[in-house]
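A short write-up of the structure that comes next.
Protein chains: 2
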Amino acid sequence: MTDKIDNKLVQGKHNHHRCIDHALQVAEQVCLKKKLRLTKIRRQVLQLICENHKAVGAYELLDLFREFDPNAKPVTIYRSLDFLMDIGLVHKIESQNAFIACLQAEKQHKSVILICGQCKNAFEIDATAVYENLFALSKQAQFEPQYLTLELHGLCVNCQKV
Amino acid sequence: MTDKIDNKLVQGKHNHHRCIDHALQVAEQVCLKKKLRLTKIRRQVLQLICENHKAVGAYELLDLFREFDPNAKPVTIYRSLDFLMDIGLVHKIESQNAFIACLQAEKQHKSVILICGQCKNAFEIDATAVYENLFALSKQAQFEPQYLTLELHGLCVNCQKV
DNA sequence: CTTTAAAATGTAATATTATAACATTTCATT
DNA sequence: AATGAAATGTTATAATATTACATTTTAAAG
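Taken in sequence, the protein lines are chains A and B.
Residue 63 in numbering that gives the first Met the number 0 sits at position 64 of the first sequence, with consecutive numbering throughout.
Residue 108 in numbering that gives the first Met the number 0 sits at position 109 of the second sequence, with consecutive numbering throughout.
Right under this line is the structure:
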């Protein structure tokens with residue numbers, strides 16, 4: 000890949016093709032470890048989600064996927080998404096019915112997803128303290144916490160200028 | 000309403016018919032203040048949501064609503080839900096595509112919704128500190144925070160026993 | 001190797017959730 | 001009573017997601 004292409008792909012100071020490669024490598028590792036199969040379809044779906052950092056809908060993914068297989072059906076995408084979510088490689092953004100690749104799938108993490116209302120870019124930052132706080136709070140209310148849906152909507156640094 | 004009926008309706012130590020009445024009264028007050036119309040339909044929809052503390056789907060509400068108007072259509076429910084959500088009387092639980100009545104609509108609040116995976120009962124507890132924490136965290140990441148989706152899944156006190 | 005059972009995929013249909021577009025009615029204010 | 005905005009009625013359809021069952025692929029056992 001040339002520098003020129005690299006330049007085009009750079010978003011927010013990061014080298015995007017490395018970012019995709021990394022995600023796919025992590026996926027291989029995770030599947031190897033858990034003895035799960037990262038099939039061609041699953042790999043392709045993950046790759047498509049990784050193409051950028053925007054939250055992407057299942058049917059949008061389907062359209063993209065049809066460049067690989069023109070006859071693909073919704074259930075193919077949903078199956079892959081389920082698989083990828085189960086092992087933490089993809090997160091669903093519940094408030095948008097959309098999906099993003101997890102960039103920290105290799106390490107266990109408790110994060111908040113920051114979603115830009117303008118450009119739809121989404122990224123995670125650590126929120127371990129928030130998890131602990133909320134789990135403690137809920138236990139005080141006699142609630143047994145299991146998992147958290149945590150999505151912060153706002154404007155990313157690029158879109159604030161506009 | 001007799002004591003017997005009261006007893007049946009009591010859930011988690013609280014007197015449920017008072018809880019509905021309160022919600023409807025608050026609704027009246029909020030609408031009066033904001034010069035908005037709490038029409039018959041909107042009031043009925045709110046009442047139905049208040050019937051219990053479970054997260055309720057739009058089409059489930061539609062079924063209930065048809066006891067008032069057998070010809071009601073989905074859009075009627077969605078319009079009322081939109082109205083009620085806009086003024087903070089109803090919250091959407093994004094991770095369930097379901098809705099609950101807000102029991103603290105009169106005061107401004109920043110809360111987390113605790114959702115029982117077993118019985119679907121949902122209730123809010125204050126999480127002001129969490130909001131402040133997350134907003135600060137996100138600003139450090141150069142993100143301009145606007146609103147938070149915050150839903151904690153687990154088991155309520157009743158369902159932990161089972 | 002071949003058999004076999006589980007996992008993955010193919011295929012069709014359909015369920016669930018939500019909105020768009022435009023006509024009509026209701027309501028508060030003139 | 002006239003008027004314009006808000007609410008509702010009505011029809012259709014968009015967008016999201018799952019079920020059910022047939023077929024193929026795969027890993028592992030015999």
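Glycine included, every Cβ here is placed at the ideal spot set by N, Cα and C.
Computed from a predicted structure; not experimentally measured.
Got a sec? Which residues, its chain only, sit under 6 angstroms from residue i by beta carbon, not counting five neighbours each side?
i, result
"A/G56", "A97"
"A/H152", "I114 and G116"
"B/A140", "none"
Tell me which same chain residues have a C-beta within less than 7 angstroms of the C-beta of residue i, skipping the five on either side of it?
i, result
"A/Q46", "I19 and L23"
"A/N157", "C118"
"A/A71", "L61, F64 and R65"
"A/Y130", "K109 and L147"
"B/L37", "A26, E27 and C30"
Buried or exposed for residue i, going by 16 or more other Cβ atoms inside 10 Å?
i, result
"A/N120", "buried"
"B/F142", "buried"
"B/V74", "exposed"
"B/P144", "buried"
"A/Q95", "buried"
"A/A126", "buried"
"B/Y58", "exposed"
"A/Q43", "buried"
Where do the N-terminal and C-terminal ends of the alpha helix (DSSP H) with residue i fall, by residue?
i, result
"B/E105", "Element bounds for B/E105: n/a, residue is neither H nor E."
"A/D125", "Not the alpha helix (DSSP H): A/D125 falls in the beta strand (DSSP E), residues A121 to D125."
"A/F64", "A57 to F64"
"B/A40", "Here residue 40 of chain B turns out to be Ile, not Ala, going by the sequence shown. Per DSSP, B/I40 belongs to the alpha helix (DSSP H) from K39 to C49."
Assuming the contact rule is C-beta atoms closer than 8 angstroms, residue i and residue j should be a hit. Round their C-beta distance to whole Å, please.
i, j, result
"A/S137", "B/L113", "6 angstroms"
"A/I76", "A/F67", "11 angstroms between Cβ atoms; not a contact."
"B/I86", "B/L31", "Not quite, the Cβ-Cβ distance comes to about 11 angstroms (not below 8 angstroms), so this is no contact."
"A/S79", "A/R41", "5 angstroms"
"A/A128", "B/N132", "7 angstroms"
With respect to the beta strand (DSSP E) encompassing residue i, which residues constitute its N-terminal and C-terminal limits?
i, result
"A/E150", "E143 to L154"
"A/V89", "V89 to I92"
"A/C97", "The sequence given here has Ala at residue 97 of chain A, not Cys. A97 to A100 is the span of the beta strand (DSSP E), which, as asked, contains A/A97."
Once you ignore the five residues that flank residue i on each side, which residues in its own chain have a CB closer than 8 angstroms to its CB?
i, result
"B/E88", "Note that residue 88 of chain B is Leu in the sequence shown here, rather than Glu. Once the five neighbours on either side are set aside, the close Cβ partners of B/L88 are A22, V25, A26, V29, L45, A100, C101 and A104."
"A/I92", "A54, F98, I99, I112, I114, A121 and E150"
"B/L154", "C115, G116 and Q117"
Taking beta-carbon pairs under 9 angstroms, can you tell me which members of the stretch 135-154 of chain B lie near chain A?
From the stretch 135-154 of chain B, only L136, S137, Q139, A140, Q141, F142, E143, P144, Q145, Y146, L147, T148, L149, E150, L151, H152, G153 and L154 have a Cβ closer than 9 angstroms to chain A.
Residues from the stretch 94-115 of chain B in contact with chain A, defined by Cβ distance under 7 angstroms:
For the stretch 94-115 of chain B, the set of positions with a beta-carbon nearer than 7 angstroms to some beta-carbon of chain A reads S94, V111 and L113 in chain order.
Using a Cβ-Cβ cut-off of less than 9 angstroms, give me the residues of the stretch 18-48 of chain A that come near chain B, in sequence order.
From the stretch 18-48 of chain A, no residue has a Cβ closer than 9 angstroms to chain B.
Closer than 9 angstroms between beta carbons: that is the criterion. Which residues of the stretch 117-134 of chain B meet it against chain A?
For the stretch 117-134 of chain B, which is checked against every Cβ of chain A, the residues closer than 9 angstroms are F122, I124, D125, A126, A128, V129, N132, L133 and F134.
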